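To keep things clear, I will list the structure first and then write my remarks on it.
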Amino acid sequence: MARAGKETTLTALALAGCLCILAVLAGAWLNISLIVFRTGSMSPGIEPGAIAIVQEVPASSLEPGDVATVQREGSALPVTHRVVTSVADPADHRKVFLTMKGDANASQDPVLYNVQSAKKLLFAVPGIGYWVMRLQSPWFMALITVTMATLVTWTFWPRRRKSDPSTRSHAGQTRPGKAGTA
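Residue numbers (my numbering): 40 to 221.
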């Protein structure tokens, strides 16, 4: 019974691992990634704590109304807002000037974004972004590593086989088929 439970657990974990690998490969192939909304600038449509699936696209493909993530010049943090206008850069046809605005903001962003590519929002799932962020903590990663190592060790640890009762020797007795000594 315990062995069946162990095998079921290992099979479920192996399938989950395969799905994770496939998701990473598909994400890399399709230029898809995840972002977590940390502010309320896109409320009420996208609340803080939502996670969004975004795809990197040429900035020239963005249209007014699209929600896009672009890198802020001179900042490590990107901005995710709605595209208000998109105008081709006359100096470089691969780049566009984007005017953007957060749905909850009263005015447009004070910066004109000059970008070649952006991450276009495909869809957002409310509430699970904070959980995903917690999964990236070093403590959680350490816990998962120790748990997986323990499970693998437990699975492959050598077991003593149950011996056949007819071949066991007991104190003062001889095994069947063997001559006793005096």
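Backbone N, C-alpha and C fix where the C-beta goes; we use that ideal spot for every residue, glycine too. Treat the numbers as computed from the prediction; the structure is a model and nothing was measured.
Query - Selected residue, minimal CA-CA separation from S156, among P83, S125, M180 - result: S125
Query raised in the report: L160 bridges to which residues according to DSSP?
Result: V93
Query - Length of the line joining the Cα atoms of T50 and A188 - result: 15 angstroms
**Report entry** N- and C-terminal bounds of the beta strand (DSSP E) containing M139
**Finding:** 131 to 140
Requested in this report: Quick one: using the 10 Å Cβ neighbour count with 16 as the cut-off for buried, is G113 buried or exposed?
Outcome: exposed
Report task. Compute the distance between the beta-carbons of Q147 and K158, then report whether it is under 8 angstroms. Result -> no
Query raised in the report: Exposed or buried, what is T184 when buried is set at 16 or more other beta-carbons lying within 10 Å of its beta-carbon?
Result: exposed
Requested in this report: Select from I74, A145, D128, F195 the residue whose C-alpha is nearest the C-alpha of Q110.
Outcome: I74
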